Amino acid sequence: MTFEYAAGAALAVLLSVYLVYALLRPERF
17 MTFEYAAGAA LAVLLSVYLV YALLRPERF
């Protein structure tokens, strides 16, 4: 696994979690 692939995968996961959190907690945004 290359560093670029690992960084991209981690960023995608963090972004997905953030989007789901924003959808579940709309009062915070």
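In this note's numbering, the protein residues as written are 17 to 45. Cβ atoms here follow ideal geometry from the backbone N, Cα and C, with glycine treated the same way. As the structure is a computational prediction, the values presented were derived from the model and not from experiment.
Boundaries (first-last residue) of the alpha helix (DSSP H) holding residue i
i	result
Glu20	Phe19 to Leu40
Same chain, Cβ closer than 8 Å to residue i, five either side skipped, listed in chain order
i	result
Val33	none
Residues near residue i by beta carbon distance below 6 Å, same chain, minus five either side
i	result
Met17	none
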